[in-house]
Amino acid sequence: MHALWLRLVFWLGTLGLVATSAAAQPDSLLRRFETANEAYAQGRYERAVEDYRAVLDAGMASGALYHNLGNAYVRLDRTGPAVWAYEKARQLRPEDPRLRHNLEFVRAQAGLTQVGLPLRGLTTLVGGWWPGLLFGLGVVALGGGLLVAALRDEADWWRAGGKVRVWGPVVAGGLLIGGALGGSYVQAQERRAVVMEDALSLRRIPALGAAADTTLQGGTMVRIRGRQEDWVRVQLPNRITGWAPAQALGTL
Amino acid sequence: MPARTVLFFVVLNLLLSGGAHGQEATVRVTAQAEPMTVTVGSAVVLTVRVEGVPATVVRTPKRPATVNLEPRQQYPDTRRTRSPQDGTIQRALTYSWRFRARRAGTARIQPVTVVIQGKEYSTSPIQVQVTSPSAGTSGPTLEYPDSAARASLDERDLFVQATATTDRAYQNEQVVVDYRLFYRPGIRLRHSRLADSWDAPGFWREELNVASRPTPQMQRAYGQRYETVVLKRVSLFPTRPGTLRVDPLRIETEAQGTVRMQQGGPALRGRFQPVQLASQRLSVQVRPLPAAAPGSFDGTVGQFSMSTRVEADSAAVGDPVSLTVQIEGRGNLTTLSPPRLDSVPGLVAYEPTVEADLVRNGPQLRGSKTFTYTLVPQAGGRHTTPAVRFSYFNPEAGQYETLRSQGTPLQVMGTAAAQAVGRTGDGLPVGNVTGLMAADEAHWVRTARRPLYRQPWVYLSLLVPILLAGGVVVYRRRKSPGATTDRASQAAASSPTAARLQAARRRLEDGDGAAFYDTLKRELRSALADRLELDSTPRTRADLDRHLQRHDVPPTLRDRVSKLLDRCDERRYAPSAGSGTGERELLDEAEALLRQLDSHRVSTDGSLTAR
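Here it is, written out as C-alpha cells:
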C-alpha cells in the first residue's frame, strides 16, 4: 500500500513537471518571435529567418509568424520560400487581405503568372470546412440526444413528440461526425507544395540523371501525387506530371 | 647472239612483264549507292567507278538486278574523270544508274560485273534502307500530283533542303532553320507557292526576313551544280526538353526540265509540269537547362550585353526619375522579361515600359530590348538607384552568366511624401509587402497536426456520449430499482389502453371537440364491453351499470365510469373554449379508469377479482 502511494506521488510529480515546462514554452517562443521581428526591423533578414524558423522547429506556428517569415524571404529575394510562407499563413488566416496583397506582390515581382492552385473535385466542397468544429458539434448533438433518451423514459413524453427530440439530435450528430471525418480525409488528400528553389527541373523518373521535361520557377505551386523515397511525384495545373527531389519542395 | 642483244631482250621482257603486272595491280572497280537511307519514292543513284585502265578497254556493264528498287533508266550515264594523284594523272570511268525506292524496308543492289580486256570484275552487293515518309528525318521528296504525267525530273534535279544550325540545343536556345530550293541549271520554275501549313510544335518561332525576289546562287550538292534560293528562314526556340520535330516545308510549283529522245541525243525542253516538293523533316534534341540557375535568371538563353542609364542625378521627392536598362544580343529577345531591380529604401520602382528592336535580316535573330523603369523618391536625402541584375544562359559557354549594373547616386530634395501616397484604399502599400505582424496578432497552433481522421482521440471521444447515456441509465436503475420497473410495466400496460383510445386522441389533436367526446364515449363503452366479455356494447347506462355490478366491479369504479360518461355528454353539447386542457384530463381519466379495470382479471366463473 505504501509503495502504491509512492508510485502515485512520483507520477503526479512527473506530470506536473511536464505540464509546467509545456506551459512555459509559449513564453520563450514568443520572445523568440519578437527577437525575430527586431532583427527584421534592423535589416538583418537572415537572422530574422533563423529565429522565425526556430519557432516553427519548436512545433508552434501562427499566421503572423508565417507572414513575417514570408516578408523576410521577400527581402532576401527568395521567391519560393516567400510564397510558401504566405500560403502557409493563408491556411491559418484565410481572410487576411495583407496576405493576399503580399502574395500578389511577390508573384508579380517574380513574374509568376500562376495566382494559386484552385481546389478541385470534392475538395472544392469541403475545402473550407473546419472538421474539428463539425466534429465537436456532432459529438454534442449525439451526446445530448442520447442523454435525453436516458433521462426521459415516461411513456407519455415519448408519445408526445419525444422520439423526434431524441432521434433528431442523434441523427444530426451522426451526420456531423461523418461529415467531419470525411471532410478531413478529403482535405488530407489534397496535398500541395511550392517550389522552393529558384528553378526546378521535373524529371521523368525519380533519378537525378533522368531526362528533365519541364523547368519550374521558384514559387510555382504544384500538387503532390505520390512519393518514392526522397522523390515526390508532382502535377502541374496543366496536368503535366514529373518527379522532383522532396527537399526542393515546401509542402503546404 | 651477242651478250648485249640478250640483255636488251631480258630488260624488254622485264619491262613488259613488269608493266603488265603493274597494269593489273592498279585496276580497281568499286560501286556505291547514294544515299544509303531514303524514303519511299525517293531516288537512289548507283555509281560504278573503274580506275586504272583506259576507257577503251572497258565494256559498258549491264544494269544490275535489284530488290525493292525500281530502275529509272536502262543504260548508265557515263563520265570520264581525271584527277591528279601522287604526282600522276589518275583516270577514272564512272557508270551511274538511277533507281526509285518502292516500299519501306531493305533494298538490295546485286553485284555489278565489269569486263575489262576479257576479264570480269565484280563489285560487292549493296543494301539501302528505305523508310516511310513519316518516319522522321529523311531526304527531300518530289512528287507529281498527276500520276499519269511522265516524270522527267526527280529528287536530284529539284528539291527543297532544310538545314538547322544545330540538331542539339538547350531549352530556349536559338536554332535557325533554312529552307533552300535547289534546282539544276536549265530547269525553269513558275507559279510556286506553299502547299501546306508549316508548324514546329514545341518551339517559339520568329520568322526571319528573306529576299522576296532572290538571285539564285550556284552551289554544289551530290557532286553536281545547282542553282539555289532561300525560301524561308525561321528562328526556333525550344520551349521544353525532349525531341522536338520541325515539319517539312512543302511547296507546289510548275517545273520545266529537258528530255533526250535517245541516249546521247540533243536535250529538248519539255512541258511545264506541276510538282510537289517537300523538304526533309528535322528533329532537334533539346536538353534542359542546367540546375543551380541564379536567382535573377528567368529563362533567357543566348549572348547578351546590358547597359543602364539614369536620366538625372537629382530629383525632388515624388518626382519620377527614369532608369533605362537596355539588353542587346542574340537569343529569345521576344520573351525576355524585365530584369530585376534590387529593392532600395526610399525609392519605389514601378513596372517598366518595354520597347523591342528586333533585327530579322541577318542569319539569326538579334536586337535589343529597352526597359524604362520609373523611380519615385519617397524621402529626401542621398539615395542610390537600384542595382540591376540580369542572368542568362550562354549555350556556347554552357554556363549561366550574370550581368550587373551598380546603382548611381541620386540626390533627392524635399521632405518625405505624405503617408497616403503609395498606399491603396485598404491601406496596403503599393509596390511593397505589408509591415510585420505584431506578437499580439499571433494565434499559436501546433505545427505537427495530423488530419482529424487520423487522430486516435477522435474515435475514443465517440464513446463519451454513449458511456454517458449508459451511465445515467445505470445510475437511475440503481437509485430506484422499482421505479423503472413500475414505469415500464405501466407503459406496457397502458399500451393496449392507449391503443384503445387512439381515435379519441387523434380527435383531440385535430381540435375537434364534439367529435372527441363522441369518440371517447364510444371507445370507453366499447372497451368496457370487451373487458366484461359482452357480445355487444350495452345500449343504456343502466345496462352497463348492471353488467359492471354483476362482474363485481367495485362501486367506486362504477361511480367513476358513470361520472366520466356524464361529463362526456355534458361537454359534447356545451364545449368550453379553451386550450384543450379539460379534454386531455378527461382522456387521462379514461385511461386511468381502464387501467384500474385491467388490474382486475376475469375469473373462470366470469367474476372480476383483484390480481
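Protein chains in written order, with the working numbering: chain A, 1 to 252; chain B, 1001 to 1611.
Even glycine gets a Cβ: it sits at the ideal position worked out from N, Cα and C.
- Excluding five sequence positions before and after A1529(B), the CB atoms of its chain that fall closer than 6 Å to its own CB belong to T1537, given in chain order.
- For the stretch 1164-1186 of chain B, the set of residues with a beta-carbon nearer than 9 Å to any beta-carbon of chain A comprises Q1171, in chain order.
- At a C-beta separation below 8 Å, M60(A) has these neighbours in chain B: W1444, V1445, R1446, T1447.
- Around the beta carbon of G1257(B), 16 or more other beta carbons sit within 10 angstroms, so the residue counts as buried.
- Excluding the 5 residues flanking it on each side, T1081(B) has same chain C-beta neighbours closer than 6 Å at A1092, in chain order.
- The stretch 1096-1115 of chain B makes contact with the stretch 1063-1082 of chain B; the number of CB pairs closer than 8 Å reaches 3 or more.
- In terms of Cβ geometry, E1585(B) and L1564(B) do not form a close pair [threshold 7 Å].
- In this structure, the beta-carbon distance from D198(A) to A1387(B) does not fall below 7 Å.
- Pairwise C-beta distances place the stretch 119-129 of chain A in contact with the stretch 180-193 of chain A, as three or more of them are shorter than 8 Å.
- When the Cα atoms are used, P1201(B) and E1173(B) turn out to be separated by approximately 15 Å.
- For V1114(B), the uninterrupted beta strand (DSSP E) segment begins and ends at 1113-1116.
- For the 7 Å CB-CB criterion, V1284(B) and L1244(B) form a contact.
- With 16 or more other Cβ atoms from the protein chains shown falling within 10 Å of its own Cβ, I177(A) counts as buried.
- In this structure, the alpha-carbon of A85(A) lies about 59 Å from that of V1038(B).
- For the stretch 1449-1460 of chain B, the set of residues with a beta-carbon nearer than 8 Å to any beta-carbon of chain A comprises P1451, L1452, Y1453, R1454, V1458, in chain order.
- For F1297(B), the chain A residues whose C-beta falls within less than 8 Å of its own C-beta are D198, A199, listed in chain order.
- Rounded to whole angstroms, the gap between the alpha carbons of R204(A) and G219(A) is 21 Å.
- By the CB criterion at 7 Å, A89(A) and L76(A) fall outside the cutoff.
- Of the other Cβ atoms in all chains shown, fewer than 16 fall within 10 Å of the Cβ of G209(A); this residue is therefore exposed.
- Between the alpha carbons of G173(A) and T1519(B) lies a gap of roughly 41 Å.
- For the stretch 1228-1248 of chain B, the set of positions with a beta-carbon nearer than 9 Å to some beta-carbon of chain A reads R1240, P1241, G1242 in chain order.
- Assignment of beta-bridge partners to K1563(B) by DSSP yields no partner.
- For A180(A), the secondary structure class from DSSP, reduced to helix, strand or coil, is helix.
- DSSP, reduced to helix, strand and coil, places G242(A) within a strand of the structure shown.
- Using a Cβ-Cβ cut-off of 8 Å, N1068(B) is close to nothing in chain A; its nearest Cβ partner there is about 36 Å away.
- With 16 or more other CB atoms across the displayed protein chains lying within 10 angstroms of its CB, V1053(B) is buried.
- Put simply, the stretch 1182-1194 of chain B touches the stretch 1223-1231 of chain B. At least three CB pairs are less than 8 Å apart.
- Taking CB atoms only, D213(A) has a neighbour in chain B less than 7 Å away.
- The DSSP assignment places 1456-1461 as complete runs of the alpha helix (DSSP H) inside the stretch 1433-1468 of chain B, in order along the chain (cut-off: 4 residues).
- Closest by C-alpha distance to D1598(B), out of R1550(B), R1560(B), Q1549(B), A1527(B), is A1527(B).
- Interface with chain A (7 Å Cβ-Cβ cutoff): S1337(B) is included.
- With the criterion set as a beta carbon lying under 8 Å from some beta carbon of chain B, the members of the stretch 85-104 of chain A are L92, P97, R98, H101, N102, in sequence order.
- Using a Cβ-Cβ cut-off of 8 Å, V74(A) is close to V1433 of chain B, given in chain order.
- The DSSP assignment places complete beta strand (DSSP E) segments of no fewer than 3 residues inside the stretch 1337-1373 of chain B at 1347-1359, in order along the chain.
- When the beta-carbon positions are compared, V1412(B) and V1317(B) come within less than 7 Å of each other.
- For A188(A), the closest Cβ of chain B is nearer than 7 Å.
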